[in-house]
Amino acid sequence: MAFHKINTIYLNDAFDPKSNNFSFMRFALASLVVFSHCHTLGGFGSEELFGNPQETYGGFAVISFFILSGFLINRSYTTTSSVWRFLWHRILRIFPGYWACLLITVLIFAPLIYLFENGHLNGYFQTQISRWVGKFISM
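If you read the sequence shown in the numbering used here, its first letter stands for residue 530, the second for the next number, and so on.
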């Protein structure tokens, strides 16, 4: 009776950045998102994934990004010593970009839009937020 050796792949092996294709998959999915936007903005008609008008290449790419991100976040969690350390690392990774984006929006883009719509910046910081929220929702 002959025994065959079964090649077992462990999760740590799948997470090894030298032997996986996460970078290529991220590049391919980002390219699909760009293609999807260019297809729509270029006026090339309806973008359909596998003949289904409700599915797009960009939608497929975004869903795939979520799946890939979950896999990579799992790697981050399994390599930390505790849940609190994992959460602290997530906060340190997410919040600097969040605050930078928020400050750039509030201090640069929003005043430019206010200036374009009103012709002056008088009253920019006194404007009621409900007016802006209502305008955003009505878009």
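Don't be surprised by glycine CBs; every beta carbon is placed ideally from N, CA and C.
Spatial neighbours of residue i in its chain, beta-carbon cut-off 6 Å, leaving aside the 5 residues before and after
| i | result |
| --- | --- |
| R622 | none |
DSSP-derived helix/strand/coil call for residue i
| i | result |
| --- | --- |
| L650 | coil |
| N550 | coil |
| N536 | coil |
Straight-line Cα distance separating residue j from residue i
| i | j | result |
| --- | --- | --- |
| F553 | L644 | 43 Å |
| L641 | N647 | 10 Å |
| L570 | T608 | 42 Å |
Nearest candidate by alpha-carbon position, reference residue i, set the options
| i | options | result |
| --- | --- | --- |
| A559 | L597, E577 and F638 | L597 |
| R555 | E577, F589 and Q583 | F589 |
| F594 | P625, F654 and A557 | A557 |
Residues of its chain near residue i, where Cβ-Cβ distance is below 8 Å and the 5 sequence neighbours each way are ignored
| i | result |
| --- | --- |
| L601 | F551 |
Under 8 Å between C-beta atoms of residue i and residue j
| i | j | result |
| --- | --- | --- |
| E576 | H568 | yes |
| S605 | T585 | no |
Nonlocal neighbours in the same chain, by C-beta distance under 7 Å from residue i, ignoring five residues either side
| i | result |
| --- | --- |
| L650 | P640, Y643 and L644 |
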